[in-house]
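Peer 1:
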Amino acid sequence: MPREITTEYGTVSISEDAIATIAGVAATECYGIVGMASRKIKDGLAELLGRENLSRGVAVSVDGDRVVINLYIVVGYGVKISEVAHNVLAQVRYAVKQATGLEAVEVNIHVQGVKVGSGPRS
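Read the sequence shown against the working numbering and you will find it ends at 147, with the numbers running on by one and no gaps.
#1: Give me the Cα-Cα distance between L74 and Q123, rounded to the nearest whole angstrom.
#2: State the Cα-Cα distance for the pair E54 and T36, rounded to the nearest angstrom.
#3: Around the C-beta of V59, are 16 or more other C-beta atoms found within 10 angstroms, so that it is buried, or is it exposed?
#4: How far does the beta strand (DSSP E) with G171 in it extend, from its first residue to its last?
#5: With distances taken from CA atoms, which of K105, V121 and R118 is nearest Y56?
#6: Where does E29 fall in DSSP's three states?
#7: Can the beta-carbon of A48 be found closer than 8 Å to that of L114?
#8: Can you tell me which of V99, A84, T125 and V50 puts its alpha carbon nearest to the alpha carbon of V93?
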């Protein structure tokens, strides 16, 4: 359900897909993130998504002014997952607030895999 904001100039409708894309871009810009993962794990393997599919690794639920975001990520081998998750959480909350004016009251991070070999992306 899109979030609608009405002003004296008209109505702005923000879809959940738009919020998902904002959150996906913000997450992939963080150190240690290799990419977004598909929300469905096939045969125990997480599918790494390309830049054109960032919103597929994000689930957004909007209820009034409450935005709940679930991120499915793949991290690079050798990073401290708790620190990466903390940075992603802060960056996503900030980006969604700046772009939409909505507060992300809950950001859940699901680490779907660790990519070995390429190292963490900076």
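Built from N, CA and C at the ideal position, the CB exists for glycine as well. Bear in mind that the values here come from a model prediction, so they are computed numbers and not experimental data.
Peer 2: Judging by the given coordinates:
#1: Since pLDDT at L74 reaches only 49, below the 50 mark, its modelled position is unreliable, and no value is offered.
#2: In a straight line, the C-alpha of E54 is about 31 Å away from that of T36.
#3: It is buried - the Cβ of V59 has at least 16 other Cβ atoms within 10 Å.
#4: Outside the shown range of the chain, which is 26 to 147, sits residue 171, and nothing can be said about it.
#5: Measuring from the Cα of Y56, the nearest candidate turns out to be K105.
#6: Correct three-state label for E29: strand.
#7: Taking the C-beta atoms as reference points, L114 is found no nearer than 8 Å to A48.
#8: V93 has its Cα closest to that of A84, out of V99, A84, T125 and V50.
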